[in-house]
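**Student:** Here the sequence shown is numbered in the numbering used here, starting from 13 and rising by one per residue. Before we start, here is the structure in question, set down as structure tokens.
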Amino acid sequence: MKKSASEADNPIPLRQNVQTAIRRYLEDMGQSQPESLYRTLMAEVEPPLIEEVLRHTQGNQTQTARILGMTRNTLKAKLDRYDIPVTNGK
Numbered sequence: 013m014k015k016s017a018s019e020a021d022n023p024i025p026l027r028q029n030v031q032t033a034i035r036r037y038l039e040d041m042g043q044s045q046p047e048s049l050y051r052t053l054m055a056e057v058e059p060p061l062i063e064e065v066l067r068h069t070q071g072n073q074t075q076t077a078r079i080l081g082m083t084r085n086t087l088k089a090k091l092d093r094y095d096i097p098v099t100n101g102k
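So this is what it looks like as structure tokens:
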């Protein structure tokens with residue numbers, strides 16, 4: 013089975029990093045019960061994901077949408093929702 017580029021470069025798979033972060037978050041919450049954890053997690057993870065892919069594509073929204081597996085219209089809606097600026101070539 014061929015490793016993805018991220019697995020080849022990073023000895024700890026992304027999934028494991030995410031699990032560790034979620035576990036720590038829940039442990040830090042102690043006895044309190046988180047509400048809307050999925051929504052909270054997406055609001056924290058999705059913006060930097062989009063920002064980093066935009067940076068990787070030098071602001072190319074079409075490429076960014078393709079890499080993220082969404083339409084350009086969906087990407088544009090998320091850029092607006094999270095108030096993410098787009099600059100070409102940066």
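We treat Cβ as the ideally placed atom computed from N, Cα and C, and that holds for glycine. Being a predicted model, the structure only gives us computed values, none of them experimental.
1. Check Met-41 in the structure and name its three-state DSSP category.
2. Less than 8 Å separating the beta-carbons of Ile-79 and Val-98?
3. Only counting the same chain, and skipping five residues up and downstream in sequence, which positions put a Cβ closer than 8 Å to that of Leu-61?
4. Note down, in chain order, each residue of its chain lying with its Cβ closer than 7 Å to the Cβ of Pro-59, except the 5 sequence neighbours on either side.
5. Secondary structure at Asn-72, three-state DSSP: helix, strand or coil?
6. Helix, strand or coil for Ile-62 per DSSP?
7. Among residues of its own chain, excluding the 5 on either side of Arg-84, which ones have a beta-carbon nearer than 8 Å to its beta-carbon?
**Tutor:** Reading off the structure:
1. In this structure, Met-41 counts as helix in the three-state DSSP scheme.
2. The answer is no: Cβ separation not under 8 Å.
3. Around Leu-61: Leu-80.
4. So the list reads Tyr-94, Ile-96, once near-sequence residues are dropped.
5. In this structure, Asn-72 counts as coil in the three-state DSSP scheme.
6. If DSSP states are grouped into helix, strand and coil, Ile-62 belongs with the helices.
7. The beta carbon of Arg-84 lies closer than 8 Å to those of Gln-73, Thr-74, Ala-77 in the same chain, with the five residues before and after it left out.
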